[in-house]
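Okay, so here's the structure we're looking at.
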């Protein structure tokens, strides 16, 4: 792998950039691999990457039915934060966030992690108490957050209308090292690094069936034929249910549409990420100048990648009230993704009823921020066959015991 | 932005007049049921990419719950029917089969 | 120079001059002009700067596809960034400024990026700015952000109004060109209800510019007749200035009507969002001309041929005295003829095709225009405006054969049907070899709710580019000249706004970003504000060429709404300020406002948090309210509490399933506290239930719970126990409810008069109907504060009067109103739980020591099975206890009880948390409740709570009742 | 006894249509289905027959509207509600039903004028072209529940009392002069 640097660019500029090599190879599948990961989104690629990096397992194929990074990795609002309430959530999201801090250097690919700070507004007294609880939990979890005053909120984000009138800002939970990243670059950077380790990323290869013998997985049938494996990881977000069905089990999951939108680009006016959960809206400004806005989920099963527009309207109402200056901006583009919601809205990183078949799914509306941590934990689970501490609580048997990892209990939501 | 006809009042209601209620025809398991039965009742949702039976409430109308047969991949609606049944009625099944000949009722 | 012609201009009114300003420079135009036309008429060729390299940008197009001519429109509170000059109607006093430059449009420091553009190829930022690590956030990113971003951010709230409206029709036609008009008429003839939308102010589409006749009639004659015909019909609604921008499932279409953009400040809504439900959608959205890729095709003065034609014919604006035409198809010859007809010079038509013998080329030749076939532009000369072109052979590598001086270049690379609306909901496209464009596949349309085709395209949108009566063929010409070397390719712009060049797409392909989505994202092709209307197909074809694949193999990108950007204010609609959300008010709301209440939101309700007096802080007010209630008399507006009537032969059985306790045995006239759980077993609501008569109960819920619990009841009754005979009614708002609380409570009721409320007549946990202060009243003797207390329900229409009567009569008894915070403190002093404080959706009643409210005898209730699961039945759960700090301080809200050591993830172990913590003015010290592992077994133990500052607070575990443990105060 | 006061005390607005808050009206929610004496009970209170699906039967200042397959809205003078409830109780004695006074839980608006429908077309996802005289439509006005029907060259709109000022705000916004559709 040729290293990227400003010198490399200067060198290439002299020859009109004709000498750049492919970021990742596009090989045809081998008959078998030690590990197959289904799904070349951020989570799948990160899983492969850490299998190689942390466990030396490089005989890995990542198969993808479309183009890599083309699912929710390329459709989210790129928020990175770890100010979660429950210990197991905070652990994995903070692991992810801390890996993001150095990911550009590690991958030699600028993923543009921008720790510009994330604030979650408290706009009711109930929300104040909820965020104070999270702040106390975070203090014990090693997650740097603080509860800040309305004045500090205004200093950090001058375009916010903190005086209501409907929901005056009473404070905010502030994570200064939260922020945003460049979503596509995360997938591309991991893909390039995986490819450099000799792993195969096989795009346009849809899995049509999962084969097993004596309760152990043996491989997958794909549109490019059968590919054998000793271990199989299913990391396909919105289509987890379909893959699980092929593998012979049912997941506590429903697939619903989640929407987002961006405005036309304007000059920088907002340096932080703001989430306003009372009114259900969140917003940040991208490096291009677009206001990046997240909406809500539909309440019905949906695989179309199209949500219902009234959710967009609700979000925009809320945000115009919170950020009055956006009223005269224009919505440039809206889109939807299919998210898989579990019974407690927390993910699964788990063994499954099928031997050597592992699942990583259920990230709901909050998966992007977790990618490095999720891949790290999934790689550990797949390499060792047993979960490490990061994944332990996220097993799929917790529902039977009633052992929820419920983040909605505080005022927070899992975006 | 779906429209579904409420079988009680005959209104072609749009989604914003309705509240979604996820999977229909769930069988309740209470005290005495096994851990597996109860878990399945609570969590093991059918999540098909295709024909799905689901609950809707005509919240901004007559307030009644009704059931819909809908395709989750195309959002086509095959029909709606009152909630007081434990399985999809035959006419709804027929309507689905007319448009999805390969579909197999459970 | 570009200028206004002395005659012509079908859309302008030369008798109505309009003054406007651009970058502070005063200019003149005419009524009917677009801003773009008026700028060109004033020789304003340079209108902006590009995104990445800050290159000079001029007007390219004449419609919503314009990528360059974006301005900051207006000023102050009415500033609107990124306004397209090509679709902005000119009005008197219009002010606008150009974007993305510093210090000025003419001299822009950012253009340095242009000079080092070789070092800034597609995706350069992924490959650099990696070291040193903190520099991305603090150095590189701020620079990138500042140089990007286009228009100015507004700084003030929007003073304009917006509104929305619903419409329904059988057939919705989007686009009122000839094709759309014909479809609308046919549908109307068939008796269908038709809505016809047109984004521009006038009907006719391109026909008046591009055609002389329609159906054998002169085009203007045909149009006026058609317009009059449709306008006269009851079943046709025509809306101009209305862009149908998005098609959504089940025939739902959103359209943005620009009601008052051209008459700002006239009091009308600025925009109106139409929410249209259509049986069938017809997309008659025409086609958009494509640029050609030749070196220097981004220099101001290079325009789409159709746009040049529009400016000449519609606005009598000349782009320059000498315009060179470059094309791969016949339609651009119309531009040559139009220019010629306007008396302007066309030095040459460069046609990339080897032969051009159609009617239009023949007409051009006949008009004396020099037509050169097989030719291309090697490069355009000029920097801030075109000065000439160098000509080469299309088949070659760009060797210059001739140079021609000119002031403008009109280019046509063919036409792309506007298939956006067909694609929004999943309609699939076909590649049409004849016209080198994607067209809608009628066999794979988007589906409606009934499985029928939801959208069909007609006219040019369907690929029917037959404008002149002869079939149109457009051969592919993707790069000009065909064998252009990299030096030229790196000067060929695909995306003018985002500065994406042919060489960038080739680089992406070389690096393996070969999925069209990868290419787009890597290069930012098509991500600009025109969303690729001009650039997508050209970029796709370059990608296909580099991959050696056919275009349809490479695929197309998904079209997402909106078709053109839509003002966010229009999408928010009327919902701002006072009507942002419903604000629910109790009948006493006005009285509370008058009394200076500080309100807090509780769901959509507003409830007084406290009633501060002049000079009092909220905290002081709350403490005064608590003490006064405990010592004298407090009045609380409790109207928001949910009240649901449950009646029927099976009502008792039903409530026994709903509540953890037994309600069927409650005697008539009595009240009982009840808990409701969800099927998981978690506590979701609580309240007092009163038995009204033999088969009627009244269930009180929390303020936030009324609608939710009513819906919950109906859910079970309709979907599970539909054979049970039970009716419910939510009567929450029928009653105003006042809690009269404190030692003087009974006295107040006696003063109001009308009912015997003595201890004997109305014991604790009983209710009675009667009359108070002359009003029909239901009095509940219940207490949430530990004091002698009555809750009195009167009809809401009398609520204000009753509150006034209580306040008036209470004066002598020391009555003061109190708010929700005093209520919370008093209930905490008594150890009463609060839904939302002690519960958070993961807490079961058993955790809260509420086992007394759970029937052991019942075989079933909602939540019982859930509570039997291992984790919920575990003896190790955190359970409710009281806490008092050793030093009397208040435990911080949200604090956790720390435990020894750390867990496997290195997080500090915990063993509990505080759920309610207050300074008790009654006890003059901090009090708290919370959940603690094995809590009830640890009375007297000292535990440590954490603080966010890293310290700890020591507190002793105790029972939860801090005040009047024996209930002597409430049982008087 | 004080006079009953409606939510907005009779507020009004004159735009391109006239908006008036009226009431309080007497209103009874009657829940019952398939009872023999139901017709009689309704007739005794409102003087009308039992409405069919989605209909409202109006007679002078009284009416009976179909709210759902087992729910009717009875409208009558405010002062007569007590007596009416007694009549219903008597007529339906021994049969499973629920009749309850909701007069104070509601706010009622009149929207009048040639373009009254346009005010509502801005707020409700209802096809007013097909709303028949005598049809009662329950739906949504912007963000709250509302029921409407045509009556006397205008529309009557019923919503919950607590959101009366919100609904007045909506109607006022929608009826602004110059914003005709």
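Chains as they are written, first to last, in full-length UniProt numbering: chain A, 1 to 415; chain B, 1 to 106; chain C, 1 to 972; chain D, 1 to 181. Virtual Cβ for every residue (Gly too), placed ideally from N, Cα, C. A quick note: this is a predicted structure, and the numbers were derived from the prediction, not measured.
Check: What are the uninterrupted segments assigned as beta strand (DSSP E) that are 3 or more residues long and contained completely in the region 788 to 875 of chain C, given in chain order?
Finding: As far as the region 788 to 875 of chain C is concerned, its whole beta strand (DSSP E) runs of at least 3 residues are 789 to 795 and 815 to 817.
Next item on the list: Starting from the beta carbon of residue 252/A, find every residue of chain B whose beta carbon is closer than 9 Å, and list them in chain order.
Entry: To locate residue 252/A, count along the first chain from 1; it is residue 252. Near residue 252/A (Cβ distances below 9 Å), the residues of chain B are 39, 42, 43, 44 and 45.
Item checked: Proximity to residue 24/D [Cα-Cα], best of 18/D, 12/D and 5/D -> Counting from 1 along the fourth chain, the entry for residue 24/D is found at position 24. Of the candidates 18/D, 12/D and 5/D, the one whose C-alpha sits nearest the C-alpha of residue 24/D is 5/D.
Margin query: Considering Cα atoms alone, identify which of 498/C, 286/C, 439/C and 389/C is closest to residue 55/C.
Written below: The sequence position of residue 55/C within the third chain is 55, counting from 1. Of the listed residues, the one whose Cα sits closest to residue 55/C is 498/C.
Checklist line | Exposure label - residue 3/A; buried when at least 16 CB within 10 Å | finding: Your numbering for residue 3/A matches position 3 in the first chain. The residue is exposed, with fewer than 16 neighbouring Cβ atoms inside 10 Å.
Check: Going along the chain, which residues of its own chain have a beta-carbon closer than 6 Å to the beta-carbon of residue 158/C, five neighbours each way excluded?
Finding: As a position in the third chain, residue 158/C is number 158, starting the count at 1. Only 569 meet the Cβ criterion.
Checklist line | Amino acids of chain C, ordered along the chain, whose beta-carbon sits closer than 8 Å to that of residue 109/A | finding: Working through the first chain from its first residue, we reach residue 109/A at position 109. Per Cβ cutoff of 8 Å: 126, 127 and 130.
Check: Whole-angstrom Cβ separation of residue 178/A and residue 80/A, contact assumed at under 8 Å?
Finding: Sequence index remark: in the first chain, residue 178/A carries index 178 (1-based). Sequence index remark: in the first chain, residue 80/A carries index 80 (1-based). About 6 Å separates the beta carbons of residue 178/A and residue 80/A, which is inside the 8 Å limit, making them a contact pair.
Note to self: If the cut-off is 7 Å on Cβ atoms, which residues from the region 134 to 155 of chain D count as contacting chain B, listed in chain order?
What the structure shows: Correct list: 138, 139, 140 and 145.
Check: What do you reckon, are the CB atoms on residue 58/C and residue 379/C nearer than 9 Å?
Finding: Within the third chain, numbered from 1, the residue matching residue 58/C stands at position 58. Within the third chain, numbered from 1, the residue matching residue 379/C stands at position 379. No, they are not a contact pair.
Next item on the list: Apply the 10 Å Cβ neighbour rule to residue 575/C and answer buried if 16 or more other Cβ atoms are within range, or exposed otherwise.
Entry: In the third chain, the residue the question calls residue 575/C occupies position 575. Buried, since its Cβ has 16 or more Cβ neighbours within 10 Å.
Notebook entry, point to check: Is there at least one Cβ from chain D nearer than 9 Å to residue 59/B's Cβ?
Noted result: As a first step, residue 59/B is located in the second chain; it is residue number 59 there, counting from the start. For residue 59/B, the nearest beta carbon of chain D is closer than 9 Å to its own beta carbon.
Checklist line | 9 Å Cβ cutoff met for residue 113/A and residue 181/A | finding: Residue numbering aside, residue 113/A sits at position 113 when the first chain is read from its first letter. Residue numbering aside, residue 181/A sits at position 181 when the first chain is read from its first letter. Contact: yes.
Item checked: C-alpha gap between residue 268/A and residue 153/C, whole angstroms -> Numbered from its first residue, the first chain carries residue 268/A at position 268. Numbered from its first residue, the third chain carries residue 153/C at position 153. In a straight line, the C-alpha of residue 268/A is about 7 Å away from that of residue 153/C.
Check: Are any of the Cβ atoms in chain C nearer than 9 Å to that of residue 161/A?
Finding: Along the first chain, read from residue 1 onward, the residue named residue 161/A stands at position 161. Cβ-Cβ to chain C under 9 Å: yes for residue 161/A.
Checklist line | Minimum Cβ-Cβ distance from residue 81/B to chain D less than 9 Å | finding: Your numbering for residue 81/B matches position 81 in the second chain. No, no contact with chain D.
Notebook entry, point to check: With contact counted as at least three CB pairs below 8 Å, one residue from each stretch, are the region 677 to 693 of chain C and the region 852 to 867 of chain C in contact?
Noted result: Taking one beta carbon from each stretch, the region 677 to 693 of chain C and the region 852 to 867 of chain C have 3 or more pairs nearer than 8 Å; the two touch.
Checklist line | Per-residue burial, residue 15/A [other beta carbons within 10 Å of its own, 16 or more giving buried] | finding: Residue mapping note: residue 15/A aligns to position 15 of the first chain, counting from 1. Per the 10 Å Cβ criterion, exposed.
Margin query: Could you tell me the alpha carbon to alpha carbon distance between residue 79/D and residue 156/A, rounded to whole angstroms?
Written below: Translated into positions along the fourth chain, residue 79/D becomes position 79. Translated into positions along the first chain, residue 156/A becomes position 156. Their Cα atoms are separated by approximately 58 Å.
Checklist line | Classification of residue 654/C by the beta-carbon crowding that lies within 10 angstroms, buried from 16 upward | finding: Start at 1 with the first residue of the third chain, and residue 654/C comes out as number 654. Answer is buried; the Cβ neighbour count reaches 16.
Margin query: For a contact defined as C-beta to C-beta under 7 Å, what are the partners of residue 56/B on chain C?
Written below: Residue numbering aside, residue 56/B sits at position 56 when the second chain is read from its first letter. Chain-order list of chain C residues neighbouring residue 56/B: empty, with the shortest C-beta distance near 11 Å, by a criterion of under 7 Å.
Notebook entry, point to check: Can you pull the DSSP bridge partners for residue 82/B?
Noted result: Residue 82/B sits at position 82 when you count from the first residue of the second chain. Under the DSSP definition of a beta bridge, residue 82/B partners with 66/B.
Notebook entry, point to check: Where does the unbroken alpha helix (DSSP H) through residue 143/C begin, and where does it stop?
Noted result: Taking the first residue of the third chain as 1, we reach residue 143/C at position 143. First-last of the alpha helix (DSSP H) with residue 143/C: 141 to 147.
Next item on the list: Would you mind telling me which residues of chain B sit closer than 7 Å to residue 303/A, beta carbon to beta carbon, in chain order?
Entry: The count along the first chain starts at 1 and reaches residue 303/A at position 303. By Cβ distance, chain B contributes 49, 72 and 73.
Checklist line | Residue environment, residue 411/A, which counts as buried when at least 16 other CB atoms sit within 10 Å | finding: For this step, residue 411/A is matched to residue 411 along the first chain. Because residue 411/A sits at a pLDDT of 44, beneath the cut-off of 50, its placement in the model cannot be relied upon, and the point is left open.
Note to self: If contact is defined by three or more beta carbon pairs under 8 Å, each pair taking one atom from either stretch, is the region 345 to 352 of chain A in contact with the region 384 to 399 of chain A?
What the structure shows: In short, these stretches touch, since the Cβ pair count reaches three.
Note to self: Can you confirm whether residue 22/B, when its beta carbon is compared against all beta carbons of chain D, has any partner nearer than 9 Å?
What the structure shows: Translated into the one-based positions of the second chain, residue 22/B becomes position 22. Closer than 9 Å: no.
Next item on the list: Please say whether residue 22/B and residue 299/A have beta carbons closer to each other than 9 Å?
Entry: As a position in the first chain, residue 299/A is number 299, starting the count at 1. As a position in the second chain, residue 22/B is number 22, starting the count at 1. Going by beta carbons, residue 299/A and residue 22/B fall inside the 9 Å limit.
Note to self: Can you tell me where the beta strand (DSSP E) holding residue 71/D begins and where it ends?
What the structure shows: Locating residue 71/D in the fourth chain gives position 71, counting from the first residue. DSSP places residue 71/D inside the beta strand (DSSP E), whose first and last residues are 71 to 76.
Note to self: Are the CB atoms of residue 285/C and residue 309/C within a distance shorter than 9 Å?
What the structure shows: In the third chain, the residue the question calls residue 309/C occupies position 309. In the third chain, the residue the question calls residue 285/C occupies position 285. The Cβ atoms of residue 309/C and residue 285/C do not sit closer than 9 Å to each other.
Notebook entry, point to check: Going straight from the alpha carbon of residue 245/C to that of residue 5/B, what length do you get?
Noted result: Taking the third chain and counting its residues from 1, one reaches residue 245/C at position 245. Taking the second chain and counting its residues from 1, one reaches residue 5/B at position 5. Going by the C-alpha atoms only, they are around 26 Å apart.
Next item on the list: Assign residue 349/C to one of three DSSP states: helix, strand, or coil.
Entry: Within the third chain, residue 349/C is the residue found at index 349, counting from 1. Correct three-state label for residue 349/C: strand.
Notebook entry, point to check: Whose C-beta lies closer than 6 Å to the C-beta of residue 413/A among residues of the same chain, with five residues either side of it excluded?
Noted result: In the first chain, residue 413/A corresponds to position 413, counting from 1. Only weak support exists for where residue 413/A lies, its pLDDT of 38 falling under 50; the value from the coordinates is given anyway. Counting only Cβ-Cβ distances below 6 Å, and skipping sequence neighbours, we find 277.
Next item on the list: With DSSP as the reference, please indicate the residues paired to residue 584/C in a beta bridge.
Entry: Start at 1 with the first residue of the third chain, and residue 584/C comes out as number 584. Listed as beta-bridge partners of residue 584/C by DSSP are 605/C.
Notebook entry, point to check: Counting only beta-carbon atoms, is residue 85/B nearer than 9 Å to chain D?
Noted result: By 1-based counting over the second chain, the position of residue 85/B is 85. Chain D contact via Cβ: absent.
Check: Should the region 509 to 524 of chain C be called in touch with the region 472 to 490 of chain C, which here means at least 3 C-beta pairs below 8 Å?
Finding: Taking 8 Å as the limit for Cβ pairs, the verdict is that the region 472 to 490 of chain C does not touch the region 509 to 524 of chain C.
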